[in-house]
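Worksheet for the structure shown next.
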Amino acid sequence: MASVTLKNVCKTYISKKNEEVKAVRDLNLEVRDGEFMCLLGPSGCGKSSSMRMIVGLEETTSGDIFIGNRKVNQLSPRDRNVAMSFETYALYTHLTVRENILFPLRAKKVPEIEQMKRLDQVVAMLEISDLLDRGPTQLSGGQQQRVSLARALIREPEVFLLDEPLSHLDVTLRTSTRAQIKHLHDELKTTFIYVTHDQLEAISLADRIAVMNFAVLQQVGTREELLDYPINRFVADFIGEPAINFFECTLIEDNGTSTLKSNKGTLEFTVPPKWNSRLVARGRKHYTLGIRPHDIHVEKSPDTTAIAGVVDVFEFLGEENHVTAQIDGDVLTVVVSPYQFYTVGEKVNFYVPNNRVHIFDTETGECVSTTYKLEDKE
Amino acid sequence: MGTVKFDNVTKMYGNTVGIKNLSLEIREEEFFVLVGPSGAGKTTTLKTVAGILQPTEGRLYIDGKLSNLTPPYERNVSMTFETYALYPQFSVYENIANSFRSPRYRKPEEEIDKEVKRIAGMLEIGHLLDRKPGELSGGQKQRVSLGRAMVRRPSVFLLDEPLSHVDAKVRHRMRVELNRIQRELNTTTIYVTHDYVEGLSLGDRVGVIKDGQIEQVDKPDVIYHKPMNEFVAKHVGFPEVNLVSTSGRSHEGKMELIPDELPSMRFVLNPEQTALVKEKTRGGRVRVGFRPQAVLINREGKKAEGAFTGKVYAYNPFVTYGIMILEVDGTRIRVLTRANEHFEVDQEVSVRIESKDIYLFDESTTTNLIYV
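This is the structure:
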């Protein structure tokens, strides 16, 4: 077990046209000992490059990487005491499952008794003891995935890295494998670093998530922090499903109170008094309101803003229902319970708690409501 | 116009079954969604309507007319393909206009221009007309492919997995848009997908197909709440339904079903269910299905009838819900929870399932007892 610390890490590749491509810019990140950390972002954001630098498959262009207190920049992958399981499983097809799993121990010439002891442990943990004599080609995708995890885990690494482990599995298998990975982390209490482009996977697994975009770390936080305190518009939009609703607004000041008024529709949001002067002092006119589909309710309660809408599309989905409503020119998606039904054309009043409305600076994308909330906390 | 009727249609590929004894009527202006796993016969069904394939046996009627041997270009249907099948060298405009360039459907240029722009407006791709397909995103290509099918004003639309190649967020948005477009167009549509969510969201009626045979055809809420058999119950809904084999016994005047593998669990049946089990099963052997959201968590201090205890194997919180895997007597069941819950691994949790929320399936045929 060990923490992983990245200090000012940069990675620059030279493209075929001899241009510099910055894959990772000035990354500072601390993964705590025993933590489950997800590196999340769209393809090309730098998450895989970051992981490859931690494992030692890529050199850093600048900056330092520490595993525990050891600086590992100059160490070869096998001396870093980390293990990685690959998206494509990378099993040896001519070896049995048993031989595949034992491979790293045999390479290190670990005594036979120790090998068998560890094998028993990992196959029990991953529930693959009945597959040991088969070849990888006789396994389903989910089974191959578990063998690949077992082969990484048998090395008893201090840090375990997983690269998109669920991306090739179907929905049902993904549910059970996801649960298994979470269970595994709880049992092992080893530091896990998990790379994915799928925000739902990150949310459902990680203690904390590091969101990257265009080679830059955007925000590190728990599921709650990313959902309720997004640092900017990118994070707010990237996390959450269905996606957050945005309303382009203009700031209207009147006698010490400010209102954000939608440019298209009738939506109006009164800026909480405590933030009023700060918002006015920024001197900007244009803001974007963000409201998550699950933060909107149909029951009135104190300290909410009402949004009058007309149902445009109603979707019965079994476990939850979705309503898409027209708010004049704006569109609002709302998640409702599976027992709530609406018809197209129906007029509905929606209510959103004022403390669940996110205010973004339209020009910079900064989430000023999060900034203010964090300042208020201090 | 715009009706399609399959009368006992079978399509064989050599010795392999494509579709088998399919009898199905698609009504005028209906949005019909055919849902099933890959290889179930969905695309074969569409291609049979399009005329790309001929039925091996049975009769196919389009708009009331026997159409088994009618060539594709004489059928007033248009199909979009999973892979979009756009002409890469043509602009978006030319791709959409292409239907009118054939000798048979040729139209004057100004009429073509008007139609292309009308469709592009409806699909919100007006600003993309000069681009080539290679410059478009998946969602945009999808809309162009829809536009090309719509421009001919067919009496039946055939859509093959239109959303399978776009990412999750775009899929959400496109689903809502398709709902809207469908309402504006009011054209009979057969829509094929492996994703049950699209079926529930879009379909006036949904057909579930497996191994070339239709398992159930009904409205979305009936498919979801009254599945015909275990296959339909498993294929529709997320997380997947829990299924257990049980034996019935009488207890204090009520019938109880005890799962073979989970002896600490019991389902106390209501009078209708008791009658069903008594009349329609042998010796009270039943397969019970219960959806993950049917498992209700008992809050502290409450002792509910029929409650049982399990140990948390894992808990995955999502945005609007959480999935708990609960171990009961060594067997794992899926439980859907509200968002913002917190559970520790190995924590003991008391849960219950209400009798109204369970499905009873025949042990050998897996048919829902309400349909037996």
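Chains as they are written, first to last, in the working numbering: chain A, 907 to 1284; chain B, 154 to 525. For glycine and all other residues, C-beta sits at the position ideal for the given N, C-alpha and C. These figures come from a predicted structure and were not determined experimentally.
Span separating the alpha-carbon of residue i from that of residue j
{"i": "A:A1030", "j": "A:L1094", "result": "13 Å"}
{"i": "A:V1016", "j": "A:R1004", "result": "15 Å"}
{"i": "A:L1280", "j": "A:G962", "result": "36 Å"}
{"i": "B:H325", "j": "B:D160", "result": "35 Å"}
{"i": "B:Q207", "j": "B:G194", "result": "14 Å"}
{"i": "A:A1116", "j": "A:D1026", "result": "34 Å"}
{"i": "A:T1078", "j": "B:P392", "result": "7 Å"}
{"i": "A:Q1125", "j": "A:F1144", "result": "12 Å"}
{"i": "B:V188", "j": "B:A467", "result": "31 Å"}
{"i": "B:N493", "j": "A:E1130", "result": "8 Å"}
{"i": "B:S317", "j": "A:I971", "result": "40 Å"}
{"i": "B:T518", "j": "B:K387", "result": "15 Å"}
{"i": "B:S354", "j": "A:E1062", "result": "47 Å"}
{"i": "A:I973", "j": "A:M959", "result": "12 Å"}
{"i": "B:D216", "j": "B:V202", "result": "11 Å"}
{"i": "B:D374", "j": "B:M275", "result": "29 Å"}
{"i": "B:I552", "j": "A:G1146", "result": "The question about residue 552 of chain B has no answer here: the residues shown for chain B are numbered 154 through 525."}
{"i": "B:E178", "j": "A:P1042", "result": "46 Å"}
{"i": "A:T1270", "j": "A:C1155", "result": "14 Å"}
C-beta atoms of residue i and residue j nearer than 8 Å
{"i": "A:V1217", "j": "A:V1263", "result": "no"}
{"i": "B:N174", "j": "B:N382", "result": "no"}
{"i": "A:G969", "j": "A:V910", "result": "no"}
{"i": "A:C951", "j": "A:F1120", "result": "yes"}
{"i": "B:P307", "j": "B:T340", "result": "yes"}
{"i": "A:G1235", "j": "A:K1170", "result": "yes"}
{"i": "B:V481", "j": "B:M418", "result": "yes"}
{"i": "B:P380", "j": "B:S398", "result": "no"}
{"i": "A:L1173", "j": "A:I1213", "result": "yes"}
{"i": "B:L396", "j": "B:M408", "result": "no"}
{"i": "A:V1101", "j": "A:M957", "result": "yes"}
{"i": "A:N1261", "j": "A:P1199", "result": "no"}
{"i": "B:F420", "j": "B:I511", "result": "yes"}
{"i": "A:M943", "j": "A:R1114", "result": "yes"}
{"i": "B:K433", "j": "B:V525", "result": "yes"}
{"i": "A:Y1135", "j": "A:K1206", "result": "no"}
Residues sharing a beta bridge with residue i, DSSP
{"i": "B:M381", "result": "DSSP output for B:M381 lists no bridge partner at all."}
{"i": "B:I215", "result": "B:V157, B:K218"}
{"i": "A:T1097", "result": "A:V1065"}
{"i": "A:I1158", "result": "A:T1165"}
{"i": "B:V361", "result": "B:V188, B:Q369"}
{"i": "B:N469", "result": "B:I476"}
{"i": "B:N521", "result": "B:F514"}
{"i": "A:F942", "result": "A:F1098"}
{"i": "A:T999", "result": "DSSP output for A:T999 lists no bridge partner at all."}
{"i": "B:R438", "result": "B:S400"}
{"i": "B:R505", "result": "B:L449"}
{"i": "A:K913", "result": "A:D970"}
{"i": "B:T346", "result": "B:V188"}
{"i": "A:R976", "result": "A:I973"}
With 16 other Cβ atoms within 10 Å as the buried cut-off, status of residue i
{"i": "A:M907", "result": "exposed"}
{"i": "B:R487", "result": "buried"}
{"i": "A:F1066", "result": "buried"}
{"i": "B:Y237", "result": "buried"}
{"i": "A:F1247", "result": "exposed"}
{"i": "A:Q1044", "result": "exposed"}
{"i": "A:K922", "result": "exposed"}
{"i": "A:N975", "result": "exposed"}
{"i": "A:T1194", "result": "buried"}
{"i": "A:D1209", "result": "exposed"}
{"i": "A:Y919", "result": "exposed"}
{"i": "B:Q242", "result": "exposed"}
{"i": "A:E1249", "result": "The identity of residue 1249 of chain A in the sequence shown is Thr, whereas the question assumes Glu. Exposed."}
{"i": "B:V441", "result": "buried"}
{"i": "B:H404", "result": "exposed"}
{"i": "B:L219", "result": "exposed"}
{"i": "A:R984", "result": "exposed"}
{"i": "B:R328", "result": "buried"}
{"i": "A:V927", "result": "exposed"}
Practice item. Let me know the alpha helix (DSSP H) ranges lying completely inside the segment 249-307 of chain B, each 4 residues or longer, listed in chain order. Key: As far as the segment 249-307 of chain B is concerned, its whole alpha helix (DSSP H) runs of at least 4 residues are 262-275, 291-303.
Name the residues in the segment 378-408 of chain B whose C-beta lies less than 8 Å from a C-beta of chain E; which are they? This model lacks chain E altogether, as its protein chains are A and B.
task = Could I get the ranges of all uninterrupted beta strand (DSSP E) runs contained in the segment 1220-1268 of chain A, with 3 residues as the minimum, in chain order?
result = 1227-1233, 1236-1242, 1253-1259, 1264-1267
- Query: Where in the segment 1077-1153 of chain A do unbroken runs of the alpha helix (DSSP H), each at least 4 residues long, occur, reported from the N-terminal end onward?
  - Reply: 1077-1094, 1105-1111, 1129-1134, 1139-1144
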